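Asks: Residue numbers (the working numbering), protein chains in the order written: chain A, 1 to 501; chain B, 1001 to 1369; chain C, 2001 to 2313; chain D, 3001 to 3320. Backbone N, C-alpha and C define an ideal beta-carbon position, used for all residues, glycine too. Values in this document were obtained by computation on a predicted structure and should not be read as measured data. Below are the structure tokens for one structure; questions will follow.
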Amino acid sequence: MFELKKVEKTFPNVRALKAIDFHIERGEIVGLVGENGAGKSTLMKVIYGAYQHDGGEVLINGKPVRFENPRQAMDKGVGMVFQEQSLIGNLTVMENIFLGFERQFVKFGIVDWKKMAAAARHQLAKVKLSIDPKMVTSKLSFAQRQLVELAKVLTLEERVHGDLVILLDEPTSVLAKEEVQLLFKLVRELRSRASFIFVSHRLDEVLELSDRVYVMKDGEVVDHVKTSVATAESIQHKMVGRDINKEYYREEKQLSYDPAKVLVELDAISLPGKYQDISLTLHAGEVLTLVGTEGSGREAIIRTIFGMQKPQSGSVTVKGRKITTYSADAAVANGIGYIPRERKIEGIVAGMSVYENLTLSQMGRYSRFGFLRIGDEKALAREWIKKLSVKASSEYADCGNLSGGNQQKVVLAKWRSGGSDIILLDHPTRGLDIGAKEDVYEMVRAMSADGVGVILIADTLEEAIGLSHTIAVIKDGEIQKRFDGKPGHKPSLFDLIHYMI
Amino acid sequence: MSFIKKFIEQEAINRRNFLFASAMGAGGLAAATMFKAGPARAAIEDPAIAWSYRDRTNPYWNAIVSGGESFVESIGKSKADLINLINEGSSEKSLSDVKALLSKTNGKLALAIDTNDSPNARPVVEAVVEKGAFVSTLWNKTADLHPWDFGDNYVSHMAWSDVGPAEQTATILFKAMGGKGAIVGLGGIASNNPAIERRNGLDNAMKKFPDIQLLDYQAADWDTQKAATIMASYLTRFGDEVKGVFCANDTMAYGVLEALRAEGLAGQIPIVAYDGNAQAVDLIMAGELLATVYTNPYWGGGITAALAYHAAVGTFKPSEEPHEHREFNGPTILITKDDAENFKKQYVDATPSYDWKDFWGPSTGAITY
Amino acid sequence: MTLEKLKKHFPWITLLTLVVFVGALDSNFLRPENLLQLAGDISTLFVMALGITFVIYLGGIDLSAQSVANMTTVLATLMLPIFGASTAVICVLIGALFGFVSGFVSTKLKVPSFIATLAVGGIALSVGQFASGQRALYMDAVLRDQSFSWLTGNIGGIPREMIIALVLLVGALILERRTTIGRAFKAIGAGELAAVASGLRVGRYKMAAFAISGAFAATAGLLFAVKLSGGSPEMANGFLLPAIVAVLVGGTPLTGGVGGVLNTLIGALIVAVIRTSMLYLEIPATAQQIFFGVVLIAAIAFTIDRGKVRTVK
Amino acid sequence: MSFPDRDVLHRWAPLLVLVALVCFFSLVNPNFMSLRNFARIGISATPPLMVAVGVTFIIIMGSIDLSMEGAVAVCAVVFAAIFIWLGGTLASWAWLALPACIVVGALYGLLNGLVHVKLRIPSFMASLSMGFVGIGLSLLMTGGDRIRVEDKIFRSLLTERYLGFPLMVHVALLVILIAWFIQSRTAIGRNFYAVGGGEELAHASGLDVKRVRVLGFMLAGVFYALGALFAVAQIGIAETATGYNFMFVSITSVVVGGTALWGGNGGVWNTLVGVLIVNVINNGMIVMGLPRYLQDGVLGLLVILAVVLSTDRKSLAFVK
């Protein structure tokens, strides 16, 4: 019923989509997977009208259509559920749900708020969310926001005659396990009303939810299989175009750390509303992983160590010295490096070259009397581009134009080249494809071997288990349980989840 | 050739510097007469004529330009031949525009200018002299800058001595109040010459009326709305104490009047102003304004341009004129209820025709410092 | 050459187009001494714009520059008899101090720079008015020539103030391209959060940018005071908007991180050409403002590199 | 949880600042606290209030509008010209000048919005340039002259009083109510908040952001026209200079009232309080007899103080 035939999209210098064939039937759930840069997001944008295709045809029930903007796509029943933060925080839930389509509640230019609230409640009921539609959206939890997003798209049901196609873009990335299950249940129920295109990095989830999976690579659909016959390995193989070591955490490579050398010591730090009574110790060469759900307080702990938040009580000791001033620059001076989750916002500076990004945290070392030694900076950049095999045309390349994995490498190189021996990793593999993830794991192991202490907030539990020496499970800002994660003695997924929820 | 020209000009500048240096000492006067005549140049044939002034949003400057246009027409050109340079209150733009015009006309220029701020007069005059063009200034110049130090090219400077007329309006105000009571004052942009002189006029009058008290005097920057706001606040602060208002110009008086009108006090508290705009004259006839002073900007605008032009074409040689023809005060006419109607007939409803070659007839004598 | 690559060059292409256009209508305009003079006359304004560039480059705005320059003309005139040539240093330091206060209010008290600088400008204006006794002041000619002859006149036909402006430009360019401060400015302008997360003391750098802007504004005021041989609390009026326009039209948008001091050079020249072109095109007095506005819209429409500005607010 | 408390405090901070200022000035000079003085403040606050309300909508969208001086000048001059041309009194066809003025304001705003949106020029620059155009346009129309509007009926906006306040203050309050209605009850009003809260998201949700922007500038133009009408009613003169000083005063007022320059929050009531704060300061400084040369500086300090008190600084990552 919704179909793409030989769809093309070309940007200056890049052929982003090459003759894409794609179809989805009524009530079907179709998965869409591919590495970063494979063309998934371009394809989605063509489908929901943010981009216009420049070759081939988009067909609905056999009739060619063309969407000039997202609104036209919506009018034809194509809607998009964006990743987490796509609701406007300062508006109420109901305003977000009906944003751009308020006309139905408007009489003589006046909005009938009661009618809108009632309609909003109706939509929220579809996703089984019982919140006040007059609530300001910024006060909702991540999971609630995701459901409001879905409810918003489901308003198409009333507005559009004919079938609905709903795109789900990484809907699970910020959800805890049980919330994911709730979402999946909901989607399965809703297939009586709509078809879904499910985009995710998490292959297991794609296989669990979808009927069929399209695999993309280099702007092409390289395979399309029924999930009943597919395996994660075969799909990964298609995505990457090479075999992946099944056990890619390579536990056997994990070395033990030096318990005699303490790098960071948290002594009963508390910050009301964020975390309470956290005591942790990080040793040289240790990978310490904080496990917990979204909003459990993990980020706040990391940001405290980096000096961006100040605990109300308790103390932080770095390399034997108690921290008195909480500021990022003091943390950097103490040899702490921070690799934030929002890579594009906090990690790299888009618009600056690789070498400029690399020395940002250590300009003092590459300058004399305030004047930069740009030659040395470039040499450093060339060295690390080679060391980490960063795919960049040269040290002059704009970091904003690098792929996610290569950006992450630049951020890592920034800290490592500056000699940081305490590295804080917040979701370092978020949004990376498998190949890039492997590179990150390799770097974590390399750092550990060099005696660097690493505190990690992992993207998945498997990652956490595979990489860490020590695991602290955090729930509602408190440490619930500590696990020793030495090879051979690793806790199971179930052990962790038990304490998380 | 240009080398020689440069040398001569350089000499002229050196002479000026020497002049300054010696003016500090006792020999200043002697030196000044010694080097009185600057480098005379041949007359310019058909120079461009320009007026450089503050803005077009003000009736005062409009009258200046009208006078300039009238002069331009009197020599058989069209109004459009008068080049307008508007500085919008920016000395920087004033100077840049003049330089650009000098460059465009290659020095074939007769310039009439108010330089916006007095310090700006020197660089303007120097630029004009360097290019061999002719300039007459109006209002703003520093006291140490004199036309006769620049030979023929700095033709003249005209200003109005506002102290006397302002003293007269203040006196009229005080008499209307019966010689006693309290007044408030509104001044122009504090550092402007006219603002300072008019304030001095008020102070002089106050000395003769010991029973008059000045409650407060604040700058309203020649602005109608600001004046209205300040007047309203005066009413709050002083209430019924205010028996009279002294305004440094007409446009502020309108604001004062509207602030009073809002309270139903228009016409009940005497106000005096300055400039003699048409609206002010009407207000005097309506009894809402007590007096204003007409400075005849129309004549000022015309004659300043005429002086520059005629010096440029060689009708007269400025350096042969006495000092009182190089720096002189313009005419002022005091307007009160008695003569308002007559004045309106003569100056507002009709435009008097002037002989633009009678350069110094209406003037009121040399500027004294 | 693709359009993308060409975009970088739009500002100076716009400038060249304007010059050629006016030159085609009146070839006098293209005389070298005329162009030289045009560039020379914009010098003072350019110096102020140069300072403002740093603040806009960080995504802020400095509306106090004109008031600081006004104040400086007064202070310079008052201090000349006492301090002689070191007046210049004192003025620049005072300007930097006012800029620093703006920066402090903006970064530490989190008042938007639009308001913070406007307010600090008010304070500068008050200082200027108070110090001047609300009068125009004149410099003693001998003292001026003793202390500041290096600021006036010509060297080999080139106005000295233009040379000063160029020296300052080179200084600013080195600051922007070759120093840690410049690099930090770039990082903060393009990605403030990343700069914070890299351990940069963002607050300090921002205050430094405002202080630099204040110092340049004071320099502009000083140059102007010496040029006009006097000072008044109104003398630098009319500088602010053209200076900001020069920065923007040169291609340093208010969003920060893009553009730079070289762009401001081009922007200042564009402003000078538009202004002067009115004389050559003989635009009537009452139509000059419209002309300026319309040409400005056209020039900005050409010069901004929209590719680098994500949302157009 | 101390969150709601801080929220509430910051929401009411501008009003508290206003009350504190009124108390302070009243202590210095008891005359300040009088109906007559409040009426005076009301008169001087009315024209800038209209302009500030107009620009509030723009600022809520996260844009800025610097064209108000040109817009007010054009509207005032067009109004006065038509008014005089059609008879010069409201008791004739000259009343048509009132709607004509509003239409001109809307058209001016429309043009401003189109330049901004269609040419994709940031609003700061687009509106700054359009401001020059507006000033120039009014200059072209008047040739620099002033147009006097002396009709007694029109001027009754200033001269007639009810409950101690002139008519124009009452009309202005009515306009504020309408503005509040637009802000909270109409789709377009809420869309301003959506654009200010997240432009790209709003676009992706199917909102025609460009249309909202252009409409916003148009609406602002209407309020500028109202500001022009009140300014003419207050002074009785329409001229190019009618628009002077509105730009910085109105934007300062909006920010002092607690509407953030980065958009998405604040509103009409904030602006009312902000305009009152600025006008109370201006009035109070003269009432307490502060010398003029100190007034700019004191206003600056008080504005900083007011903004500092009314912004929720802890929630801000950084400020531009």
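For Thr2179 (chain C), does the three-state DSSP call read helix, strand or coil?
Replies: Correct three-state label for Thr2179 (chain C): strand.
Asks: List, in chain order, every chain A residue whose beta-carbon is nearer than 9 angstroms to that of Lys2186 (chain C).
Replies: Here the neighbours are Val349, Gly351, Met352, Glu356.
Asks: For Ile2297 (chain C), count the other beta carbons within 10 Å of its own beta carbon; 16 or more makes it buried, fewer makes it exposed. Which is it?
Replies: It is buried - the Cβ of Ile2297 (chain C) has at least 16 other Cβ atoms within 10 Å.
Asks: From the beta carbon of Leu2262 (chain C), is the nearest beta carbon of chain A less than 8 angstroms away?
Replies: No, Leu2262 (chain C) does not count as interfacial toward chain A.
Asks: Taking C-beta pairs closer than 7 angstroms, name the residues in chain A that Asp3151 (chain D) reaches, listed in chain order.
Replies: Those do not exist, as Asp3151 (chain D) stays about 33 angstroms from chain A at its closest Cβ, beyond 7 angstroms.
Asks: Would you check if there are 3 or more beta carbon pairs closer than 8 angstroms linking the segment 383-400 of chain A to the segment 424-438 of chain A?
Replies: Touching, no.
Asks: Can you have a look at Val1256 (chain B) and say buried or exposed, based on whether 16 or more other CB atoms are within 10 angstroms of its CB?
Replies: Counting Cβ neighbours within 10 Å, Val1256 (chain B) comes out buried, since at least 16 surround it.
Asks: From A:Val262, A:Lys134, A:Pro311, pick the residue whose C-alpha is nearest to that of Asp574 (chain A); which is it?
Replies: Past the boundaries of the shown model lies residue 574 (chain A); chain A is included only from 1 to 501, so the question cannot be answered.
Asks: Can you give the Cα-Cα distance for Leu3066 (chain D) and Ala2236 (chain C), rounded to whole angstroms?
Replies: Straight-line Cα distance between these residues: approximately 21 angstroms.
Asks: Specify whether the segment 1325-1335 of chain B and the segment 1109-1126 of chain B touch according to this definition: at least 3 beta carbon pairs, one from each stretch, less than 8 angstroms apart.
Replies: Judged by Cβ distances under 8 angstroms, the segment 1325-1335 of chain B makes no contact with the segment 1109-1126 of chain B, as fewer than three pairs qualify.
Asks: Kindly indicate which residue of C:Leu2137, C:Gly2051, C:Ala2076, C:Asp2140 has the alpha-carbon position closest to the one of Phe2100 (chain C).
Replies: Phe2100 (chain C) has its Cα closest to that of C:Gly2051, out of C:Leu2137, C:Gly2051, C:Ala2076, C:Asp2140.
Asks: How would you label Asp484 (chain A), buried or exposed, when you count the other beta carbons within 10 angstroms and need 16 or more for buried?
Replies: Flag for Asp484 (chain A) reads exposed.
Asks: Could you give the first and the last residue of the continuous alpha helix (DSSP H) run that contains His1157 (chain B)?
Replies: Taken as a continuous stretch (DSSP letters only), His1157 (chain B) belongs to no alpha helix (DSSP H), being part of the beta strand (DSSP E) at 1154-1159.
Asks: Do Asp1152 (chain B) and Ser1363 (chain B) have their C-beta atoms closer together than 8 angstroms?
Replies: Against a cut-off of 8 angstroms, the Cβ pair of Ser1363 (chain B) and Asp1152 (chain B) comes out as no contact.
Asks: Determine whether the Cβ of Leu1214 (chain B) lies closer than 8 angstroms to any Cβ atom of chain C.
Replies: Output row for Leu1214 (chain B): interface = no.
Asks: Mapping the DSSP letters down to three states, classify Ala230 (chain A) as helix, strand or coil.
Replies: Coil.
Asks: Just to confirm the assignment: which complete alpha helix (DSSP H) runs, minimum length 4, are found wholly within the segment 2164-2218 of chain C?
Replies: List check, alpha helix (DSSP H) in window: 2180-2190, 2192-2197.
Asks: So, is the C-beta of Phe3318 (chain D) closer than 8 angstroms to a C-beta in chain A?
Replies: Any reading at Phe3318 (chain D) must be qualified, since the residue scores a pLDDT of 49, below 50, and its modelled position is unreliable; the value itself is stated next. Chain A, which has no Cβ nearer than 8 angstroms to the Cβ of Phe3318 (chain D), makes this no.
Asks: Would you kindly work out how many angstroms separate the C-alpha atoms of Gln2066 (chain C) and Val2120 (chain C), rounded to a whole number?
Replies: Spanning the two alpha carbons is a distance of roughly 11 angstroms.
Asks: Of all the residues that make up the segment 3261-3275 of chain D, which are near chain A by a beta-carbon distance shorter than 8 angstroms?
Replies: Within the segment 3261-3275 of chain D, the qualifying residues are Gly3264, Asn3265.
Asks: Smallest Cα separation from Val206 (chain A): which of A:Ile29, A:Arg103, A:Leu147?
Replies: That would be A:Ile29, whose Cα lies nearest to the Cα of Val206 (chain A).
Asks: Which residue's Cα is closest to the Cα of Ile2181 (chain C): A:Asp426, A:Arg368, A:Leu456, A:Met443?
Replies: Of A:Asp426, A:Arg368, A:Leu456, A:Met443, the residue nearest in Cα terms is A:Arg368.
Asks: Measuring alpha carbon to alpha carbon, tell me which of D:Val3017, D:Gly3088, D:Ile3176, D:Phe3192 ends up nearest Gly3062 (chain D).
Replies: Comparing Cα-Cα distances from Gly3062 (chain D) to each of D:Val3017, D:Gly3088, D:Ile3176, D:Phe3192, the minimum goes to D:Phe3192.
Asks: Please name the residues in the segment 3106-3129 of chain D whose beta-carbon is closer than 9 angstroms to at least one beta-carbon of chain C, in chain order.
Replies: Within the segment 3106-3129 of chain D, the qualifying residues are Val3115, His3116, Val3117, Leu3119, Arg3120, Ile3121, Pro3122, Ser3123, Phe3124, Met3125, Ala3126, Leu3128, Ser3129.
Asks: Please give me, in chain order, every unbroken run of the beta strand (DSSP E) with length at least 3 that falls completely inside the segment 59-110 of chain A.
Replies: Fully enclosed beta strand (DSSP E) runs of 3 or longer: 63-65, 78-81.
Asks: Taking only the alpha-carbon atoms, compute the straight-line gap between Ala2085 (chain C) and Phe2148 (chain C) and give it to the nearest angstrom.
Replies: Roughly 7 angstroms separates the two Cα atoms.
Asks: Closer than 8 angstroms is the cut-off here; do at least three beta carbon pairs connect the segment 3213-3222 of chain D with the segment 3104-3120 of chain D?
Replies: Short answer: they touch.
Asks: Ignore the nearest five residues each way along the sequence and tell me which others in Met308 (chain A)'s own chain have a CB closer than 6 angstroms to its CB.
Replies: Excluding residues within five positions, the ones whose Cβ falls inside 6 angstroms are Ala328.
Asks: Along the beta strand (DSSP E) that carries Trp1051 (chain B), what are the first and last residues, could you check?
Replies: Unbroken beta strand (DSSP E) run through Trp1051 (chain B): 1048-1053.
Asks: So for Arg502 (chain A), helix, strand or coil by DSSP?
Replies: Since the first residue of chain A shown is 1 and the last is 501, residue 502 (chain A) is not available in this structure.
Asks: Taking Cβ positions, are Val2055 (chain C) and Ala2209 (chain C) nearer each other than 8 angstroms?
Replies: Against a cut-off of 8 angstroms, the Cβ pair of Ala2209 (chain C) and Val2055 (chain C) comes out as a contact.
Asks: For Gly1330 (chain B), tell me which candidate among B:Lys1104, B:Thr1137, B:Gly1178, B:Ala1262 has the shortest Cα-Cα distance.
Replies: Looking at the Cα atoms, B:Thr1137 is the closest of the given residues.
Asks: Report the residues of the segment 1056-1085 of chain B with a CB closer than 7 angstroms to any CB of chain C, ordered along the chain.
Replies: So the close ones are Arg1056, Asn1084.
Asks: Using only the alpha-carbon positions, how far apart do Ala2197 (chain C) and Ile2304 (chain C) sit?
Replies: Ala2197 (chain C) and Ile2304 (chain C): Cα-Cα distance of roughly 29 angstroms.
Asks: Measuring only the C-alpha atoms, how far is Gln1346 (chain B) from Thr1292 (chain B)?
Replies: Rounded to the nearest angstrom, the two C-alpha atoms are 16 angstroms apart.
Asks: State buried or exposed for Trp1148 (chain B), treating a residue as buried only when at least 16 other CB atoms are found within 10 Å of its CB.
Replies: So Trp1148 (chain B) counts as buried.
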